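Single-structure report; data block below.
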Amino acid sequence: MIETELTRCVASFHPGATGVTGAAKLSGGASQETWTFDIVHPNGNVGAILRRAPPGYGAAPGRAAGLDAEATLMQLAHDAGLPSPKVMHVLSPEDGLGRGFIMARVEGETIARKILRDEEFAKARPILARQLGRVIAGIHGLPQAKLPQLRSLTATKEIEDLAREYHSFNWPRPVFELALRWLRDHDPGPSSEVTLVHGDFRHGNLIVGPDGVRAVLDWELAHTGDPMEDLGWICVNSWRFGEIDKPVGGFGSREDLFAGYEEAGRKADPDRVMFWEVMGTLRWGVMCCGMMQRFRSGPDHSMERAMIGRRASETEIDLLRLLVPRGR
Amino acid sequence: MQDEPTPTELIKAVADFLRNEIAPAIKGHNSFKLRVGINALDLVTRQLALAQADDATEAARLKQLLGADGTLMELNRALSEKIARGEVDLTTPGLSEHLWQSTMDKLAVDQPNYASYKRELGNT
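As structure tokens, then:
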């Protein structure tokens, strides 16, 4: 039972803790898991989250920043006063829990459909885009000197990565080719400013309460690059969940997002944001195709993965709406 | 010749049973998975109903655009390569209409409730 290891572990960083209770796995693939649990303490229990690669799993693959880097970034964001959970403990080998970290649990909602439809969030929705503009500006402003080692990304490199991955599927998609061609023709070149980029700033990775955003999660895809990438990614239609006239996550306008960004002392570049929105739409499409490949080759032979393969066409219609809009 | 009922009728009967009798009794993560499974069956029935006619009109458009013959896969591959090389672009007569039609036909099978698709349906 994981509770045995956790009990030993929490005693080492939370003085007076007598144990843990209610440990439950929230999500997890083969190489990465997220657990929720409560630290039992005479002064009251404390909600906590464990994010880890179980023992036996080594460094993170491919694009991932790695769990140690994630912990460092979360703590940096927390220290800068951004909505980010406090990192309570970074796992060491003696903990016997694998690699990863334990953070404070932030209460709230991550499920987009609830955030966009439930009455509970009615007051949050109109303010979220501006709030998130300020938050992402804060992330882009985190001190470069304190950042962990991260991969760097440019638009040119991302286009070639997407092209390579798409071609590896060996399944012709004229709309993806059109998008790749458009991206190459409109590549704005290196950004004049290179900052920390969250890399996956969207629904699912944002904890929202009735009062607005409470935490930014999941720094797995963090890297350095063009800050406009994050602003474009959160505008991708796939994260609007049906509210297609509200480009920012289905709850707000680009103008509000940019206004919040500028309130925090940074400048948005709408043309670059639009370029990254096209890139992000194609990226999600390529990811859908990738899920289908993993379904076919196993080991995750699940219906969910198979059906995500049939969502690539959603990104094709969105790419056409962006690049070849029909007469209105 | 195989006998009746047709594959479409069989799949629809199973999907309806799962939707109406089983889904209300299932809770938690399995309820989500069941919904995905029912969606998959519904997708298959839409594909069985639509794909043959869609494929034929798509092939006809591709042959016209490319001035060449071949299987649907070969034609799509040829078009993709021409777009990549810049030999065909949005100024090419018929290309944007072809991409739009093919994509709308895909969505009609894959995700007919997708908001962008419903918006564009009302926009033809």
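Sequence order for the protein chains is A and B.
For the first sequence, numbering that gives the first Met the number 0 gives the first residue as 0, with consecutive numbering after it.
For the second sequence, numbering that gives the first Met the number 0 gives the first residue as 0, with consecutive numbering after it.
We put the CB at the ideal spot given by N, CA and C, even for glycine.
Remember, predicted model here, so these are calculated numbers, not experimental data.
At a cut-off of 7 Å, the C-beta of residue 110 (chain B) has a neighbouring C-beta in chain A.
Taking 7 Å as the cut-off, the Cβ atoms of residue 95 (chain A) and residue 53 (chain A) do not count as close. Burial of residue 57 (chain B) is indicated by the presence of at least 16 other C-beta atoms within 10 angstroms of its C-beta. For the beta strand (DSSP E) assignment, the uninterrupted runs of no fewer than 3 residues enclosed by the segment 157-231 of chain A are, from N- to C-terminal side, 194-196, 205-208, 211-215 and 222-224.
If you look at residue 256 (chain A), you'll find it isn't in any beta strand (DSSP E); it sits in the alpha helix (DSSP H) that goes 253-262.
By the Cβ criterion, the segment 58-67 of chain B is not in contact with the segment 273-290 of chain A, since fewer than three pairs of Cβ atoms, one from each stretch, lie closer than 8 Å.
Within the same chain, and ignoring the five residues on either side of residue 75 (chain B) in sequence, the residues whose Cβ sits closer than 8 Å to its Cβ are 61. Shown here for residue 95 (chain B): same chain residues with a beta carbon closer than 6 Å to its own, the five before and five after excluded, namely 89 in chain order. Across the set A:242, A:274, A:220 and A:216, the C-alpha of A:216 shows the shortest separation from the C-alpha of residue 103 (chain A).
In the three-state DSSP reduction, residue 265 (chain A) falls in the coil class, being neither helix nor strand.
When Cβ-Cβ separations below 7 Å define contact, residue 39 (chain B) makes contact with chain A. Counting along the chain, no alpha helix (DSSP H) covers residue 49 (chain A); the unbroken beta strand (DSSP E) around it starts and ends at 45-52. For residue 36 (chain B), the nearest CB of chain A lies under 7 Å from its own CB, placing it at the interface with that chain.
Inter-segment contact for the segment 31-39 of chain B and the segment 298-309 of chain A is present: three or more beta-carbon pairs are separated by less than 8 Å.
A check of alpha carbon separations from residue 12 (chain A) across A:111, A:69 and A:47 identifies A:47 as the nearest. When Cβ-Cβ separations below 7 Å define contact, residue 65 (chain B) makes no contact with chain A. DSSP places residue 291 (chain A) in the helix class (H, G or I) of the three-state scheme. Chain-order list of chain B residues neighbouring residue 241 (chain A): 114, by C-beta distance under 7 Å. Taking residue 198 (chain A) as reference, the option from A:8, A:74, A:154 and A:36 with the minimal CA-CA separation is A:154. Counting the other Cβ atoms within 10 Å of the Cβ of residue 269 (chain A) gives fewer than 16, which makes it exposed. For the pair residue 4 (chain A) and residue 294 (chain A), the Cα-to-Cα distance works out to about 33 Å. Counting along the chain, no beta strand (DSSP E) covers residue 31 (chain B); the unbroken alpha helix (DSSP H) around it starts and ends at 28-65.
The alpha-carbon of residue 41 (chain B) is positioned some 22 Å away from that of residue 2 (chain B). Under a criterion of Cβ atoms nearer than 8 Å, the residues of chain A adjacent to residue 85 (chain B) are, in order, 180. Non-local beta-carbon contacts of residue 88 (chain A) in its own chain, meaning distances under 6 Å to residues more than five positions away in sequence, involve 12 and 101 in chain order.
For residue 108 (chain A), the three-state secondary structure derived from DSSP is strand.
If you draw a straight line from the Cα of residue 254 (chain A) to the Cα of residue 151 (chain A), it is about 28 Å long.
Residue 151 (chain A) is bridged by DSSP to A:223.
Straight across, the Cα-Cα distance linking residue 112 (chain A) with residue 238 (chain A) is about 10 Å. Contact fails between the segment 184-194 of chain A and the segment 303-317 of chain A, because fewer than three Cβ pairs, one in each stretch, are under 8 Å apart. Here the alpha carbons of residue 13 (chain B) and residue 86 (chain B) stand approximately 48 Å from one another. Under the criterion of beta carbons closer than 8 Å, residue 105 (chain A) and residue 206 (chain A) qualify as touching, at roughly 5 Å. Within the segment 225-241 of chain A, those residues whose Cβ lies closer than 7 Å to any Cβ of chain B are, in chain order, 236 and 241.
For residue 313 (chain A), the chain B residues whose C-beta falls within less than 9 Å of its own C-beta are 106, 109, 110, 113, 115 and 116, listed in chain order. Look at residue 302 (chain A) here: in three-state DSSP terms it is helix.
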